[in-house]
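Q:
Residue numbers (the working numbering): 41 to 131.
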């Protein structure tokens, strides 16, 4: 159980960080919010991908849910920035 929680936090950090890298400019959100949005993006993307009918029959790393997770997390970061009024600052 602890390993699952730690794995979700690390996965959320990676997906959230990659989502922030995909977005142009600098996002003014905290590391904690990046992790939370990364975890949410990963969960939503996994659910969506498997609802469409994705099967990882060959085993190995699941690239499709990972990439979709980055896209969903990026969308969540943009939504969070718009809701909180924190705009991207182009550097």
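Glycine included, C-beta positions come from ideal geometry on N, C-alpha and C.
1. Comparing alpha-carbon positions, which option in 104, 74 and 83 lies nearest residue 93?
2. Candidates 66, 61 and 76: which alpha carbon is nearest residue 49's?
3. Quick check on the DSSP output: the alpha helix (DSSP H) that includes residue 81 runs from which residue to which?
4. Expressed to the nearest angstrom, what Euclidean distance is found between the alpha-carbon atoms of residue 101 and residue 120?
5. If you measure from the beta carbon of residue 123 to each beta carbon in chain D, is any gap under 8 Å?
6. When you compare only the Cα positions, how much space is there between residue 55 and residue 70?
7. Kindly indicate the opening and closing residues of the alpha helix (DSSP H) around residue 122.
8. Alpha carbon to alpha carbon, how far is residue 42 from residue 116? Give it in angstroms, no decimals.
A: Taking the coordinates as given:
1. 104
2. 76
3. 71 to 92
4. 29 Å
5. In the structure shown, chain D does not exist; there is a single protein chain.
6. 15 Å
7. 103 to 124
8. 26 Å
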